[in-house]
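Only one structure is covered here, and it is reproduced in the block below.
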Amino acid sequence: MTSFTFSTWQEHPHPTTEKGFGFLQFFCLRYLQIGCCENLESFPHEHLQSLTSLEELFMKDCPSLDYSFPCGLWPPNLSTLSIGRLNKPMSEWGHQNFPTSLVKLNLSGQNSGVVSFAVAQYMRNAVAPSSFLLPPYLVSLELEGFMDVESLSEVLQQLPCLKWGHQNFPTSLVKLNLSGQNSGVVSFAVAQYMRNAVAPSSFLLPPSLVSLELEGFMDVESLSEVLQQLPCLKHLVTSSCPKLKDLPRQLPPHKDVIVREVF
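Residue numbers (the numbering used here): 1 to 263.
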């Protein structure tokens, strides 16, 4: 058996190492999904590190799960993790010691208490209790339901391997600073206005932005259309975008946007 899915735990809310999920360590699992288990109260997380074949782990919507989970013990070859909406608020998880093999991370942050993100190797001082530490080798990051997160600018610059795609930014995100060196981006768009599939060379912006700073996008020529799709935008700064020529003329007359070009 290489895949195991479990959901809607109702009859036996107290699995133990021997009689519950303990059998998992005897299989060469590559995929494990546990979700929508409202009555699940315990999980033998001490055995996760013994699941050396596990590559994908999904664990969400288990609001009664033992408060000690997660505690930083992860399968050593885990590459994809989807997690959230558990008993312990995410702001209280502490340093998770994610394996270096983890490259895809999906976090559900409802009632998490998280207000910011950071990358562990860049932290010189103690991390704030309301900040969540991300592993540095992420290629894919999806964030959902982080109602109090306002900015991702600094942390995105600290994830050099991140490949973008649709980011599902939280609606609370109002300030965004993007550095585009070697990004391959030639245009921007706003997700809710996209009728067709977005081009790989186009970056999707969240519609809630009040402030947007763009630096080093060497191939972007126009922002005319996307500026009309950002109703809350008040502040726009561009720098080192040599093909972007028409900024002073591209703003609609009803827009009250401060535009600044930095050379």
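Don't be surprised by glycine CBs; every beta carbon is placed ideally from N, CA and C.
C-beta atoms of residue i and residue j nearer than 7 Å
{"i": "F146", "j": "V103", "result": "no"}
{"i": "E55", "j": "S79", "result": "yes"}
{"i": "F217", "j": "G184", "result": "no"}
{"i": "S208", "j": "T171", "result": "yes"}
{"i": "S112", "j": "S91", "result": "yes"}
{"i": "A120", "j": "L105", "result": "no"}
{"i": "L212", "j": "L156", "result": "no"}
{"i": "A191", "j": "L204", "result": "yes"}
Coarse secondary structure for residue i, derived from DSSP in three states
{"i": "V237", "result": "strand"}
{"i": "P248", "result": "Residue placement at P248 is flagged as unreliable, the pLDDT there being 48, under the threshold of 50; the coordinate-derived value follows with that caveat. Reduced to three states, the DSSP call for P248 is helix."}
{"i": "L133", "result": "strand"}
{"i": "V174", "result": "coil"}
{"i": "L156", "result": "helix"}
{"i": "S112", "result": "coil"}
{"i": "E144", "result": "strand"}
{"i": "S91", "result": "helix"}
{"i": "E225", "result": "helix"}
{"i": "M1", "result": "coil"}
{"i": "A128", "result": "coil"}
Between the CA atoms of residue j and residue i - distance to the nearest angstrom
{"i": "P129", "j": "S116", "result": "10 Å"}
{"i": "P206", "j": "L214", "result": "14 Å"}
{"i": "F188", "j": "N77", "result": "35 Å"}
{"i": "V139", "j": "P70", "result": "22 Å"}
{"i": "Q158", "j": "E142", "result": "16 Å"}
{"i": "G84", "j": "Q96", "result": "14 Å"}
{"i": "L244", "j": "L236", "result": "13 Å"}
{"i": "S240", "j": "M1", "result": "53 Å"}
{"i": "W74", "j": "C28", "result": "15 Å"}
{"i": "F4", "j": "G72", "result": "22 Å"}
{"i": "V174", "j": "G35", "result": "31 Å"}
{"i": "E41", "j": "Q33", "result": "16 Å"}
{"i": "S222", "j": "N168", "result": "24 Å"}
{"i": "L51", "j": "L57", "result": "11 Å"}
{"i": "V220", "j": "D66", "result": "49 Å"}
{"i": "E38", "j": "D148", "result": "25 Å"}
{"i": "M59", "j": "Y137", "result": "21 Å"}
{"i": "P89", "j": "S202", "result": "35 Å"}
{"i": "K234", "j": "V186", "result": "23 Å"}
{"i": "R30", "j": "S131", "result": "30 Å"}
{"i": "P231", "j": "E150", "result": "17 Å"}
{"i": "S82", "j": "P242", "result": "39 Å"}
{"i": "V210", "j": "Q110", "result": "23 Å"}
Residue i: first and last residue of the uninterrupted beta strand (DSSP E) it sits in
{"i": "S108", "result": "K104 to S108"}
{"i": "S187", "result": "S187 to V190"}
{"i": "E150", "result": "Where E150 is concerned, there is no enclosing beta strand (DSSP E), given that its DSSP letter is neither H nor E."}
{"i": "F203", "result": "S202 to L205"}
{"i": "L212", "result": "S211 to E215"}
Any chain D beta carbon closer than 7 Å to residue i
{"i": "A191", "result": "Of the protein chains in this structure there is only one, and it is not chain D."}
Item to complete: Jot down the residue ranges of each uninterrupted beta strand (DSSP E) in the region 30–81, minimum 3 residues, whole runs only, in chain order.
Response: 31–35 and 56–62
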